[in-house]
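Participant: Numbering follows full-length UniProt numbering, with no gaps: position 105 of the sequence shown is 105.
I am attaching a structure below and will ask some questions about it afterwards.
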Amino acid sequence: VLDNVSAIKGCSATFIRFGTLHFINKMAAGKAKTKTELSQEQIITKFNQMRQEQRIIVNKIGELEAEISEHSVVIETLKNVDESRKCFRMVGGILSERTVKEVLPALQNNKSQIQQVIEKLNSQLHEKGEELNKYRSEHNIVVRGEKEKENSNPNAQSSFSGVLVTQKDT
Numbered sequence: 001v002l003d004n005v006s007a008i009k010g011c012s013a014t015f016i017r018f019g020t021l022h023f024i025n026k027m028a029a030g031k032a033k034t035k036t037e038l039s040q041e042q043i044i045t046k047f048n049q050m051r052q053e054q055r056i057i058v059n060k061i062g063e064l065e066a067e068i069s070e071h072s073v074v075i076e077t078l079k080n081v082d083e084s085r086k087c088f089r090m091v092g093g094i095l096s097e098r099t100v101k102e103v104l105p106a107l108q109n110n111k112s113q114i115q116q117v118i119e120k121l122n123s124q125l126h127e128k129g130e131e132l133n134k135y136r137s138e139h140n141i142v143v144r145g146e147k148e149k150e151n152s153n154p155n156a157q158s159s160f161s162g163v164l165v166t167q168k169d170t
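Next comes the structure, spelled out in structure tokens:
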């Protein structure tokens with residue numbers, strides 16, 4: 001649904017489907033593109049670029065949250081171990097031998113730094129979402145499938161019960 005976009009502004013239908021740009025204009029079929037069509041293309045391209053930036057932020061947040069959960073598991077495991085015990089830590093592809101006493105504070109520090117980065121990314125994501133919604137409303141961009149969801153009420157019951165009844169001529 002995210003890759004299907006409709007933009008309605010001076011053209012009967014302009015849409016993007018799976019990354020391919022299609023222009024349909026009943027009035028200008030077979031004619032050269034006008035400046036309004038080019039501006040529509042630019043509007044849609046910028047909108048998709050903004051959405052891609054938003055997706056990148058979401059993916060990065062997911063990666064960092066996975067790292068935090070890994071750090072949490074290791075920290076909880078090392079808390080129950082003797083501080084003088086040997087442990088191995090991989091940093092940048094290099095495996096180093098340390099003690100739990102040396103590694104545990106470093107892991108806790110890394111975890112807190114990752115949490116701070118996630119907080120910053122969440123605020124960037126929120127700002128990007130507001131910017132995207134503002135851009136959508138300014139240029140009257142409608143995501144395909146969004147209107148159908150608004151129009152359909154999930155709580156409304158269908159008039160069909162799913163039973164087929166035929167009348168018998170007697």
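A virtual CB, placed ideally from N, CA and C, is assigned to each residue, including glycine.
Flag this pair as yes or no: are the beta carbons of K134 and I57 separated by less than 9 Å?
Facilitator: Taking the sequence shown and counting its residues from 1, the one referred to as residue 134 is at position 134. Taking the sequence shown and counting its residues from 1, the one referred to as residue 57 is at position 57. Going by C-beta atoms, K134 is not nearer than 9 Å to I57.
Participant: Hey, how far is the Cα of N140 from the Cα of I114?
Facilitator: Here residue 140 is taken as the residue at index 140 of the sequence shown, counted from 1. Here residue 114 is taken as the residue at index 114 of the sequence shown, counted from 1. Each residue's Cα considered, the two are about 38 Å apart.
Participant: Using a 10 Å radius around the Cβ and a threshold of 16 neighbouring Cβ atoms, would you call I94 buried or exposed?
Facilitator: Here the question's residue 94 lines up with position 94 in the sequence shown. The residue is exposed, with fewer than 16 neighbouring Cβ atoms inside 10 Å.
Participant: Would you check if the distance between the CB atom of E83 and the CB atom of K60 is smaller than 9 Å?
Facilitator: Locating residue 83 in the sequence shown gives position 83, counting from the first residue. Locating residue 60 in the sequence shown gives position 60, counting from the first residue. No, they are not a contact pair.
Participant: Given a cut-off of 9 Å on the beta-carbon distance, is the pair H71 and N122 in contact?
Facilitator: Mapped onto the sequence shown, residue 71 falls at position 71. Mapped onto the sequence shown, residue 122 falls at position 122. For H71 and N122, no; Cβs fall outside 9 Å.
Participant: Grouping DSSP H, G and I as helix and E and B as strand, with all else coil, what is V91?
Facilitator: As a first step, residue 91 is located in the sequence shown; it is residue number 91 there, counting from the start. It is a strand residue.
Participant: Within 10 Å of its beta-carbon, does F47 have 16 or more other beta-carbons around it, so buried, or fewer, so exposed?
Facilitator: Locating residue 47 in the sequence shown gives position 47, counting from the first residue. Buried is the call here.
Participant: At which residues does the beta strand (DSSP E) containing residue 180 begin and terminate?
Facilitator: This structure gives no information on residue 180, because the portion of the chain shown stretches from 1 to 170.
Participant: Taking Cβ to Cβ, would you say residue 175 is nearer than 9 Å to F88?
Facilitator: Only positions 1 to 170 of the chain appear in this structure, which leaves residue 175 out of reach.
Participant: Let me know the secondary structure DSSP gives S69 once reduced to three states.
Facilitator: Reading the sequence shown from its first residue, position 69 is the one you call residue 69. It is helical.
Participant: Quick one, which of V81, L64, V74 has its alpha-carbon nearest V117's?
Facilitator: Translated into positions along the sequence shown, residue 117 becomes position 117. Of the listed residues, the one whose Cα sits closest to V117 is L64.
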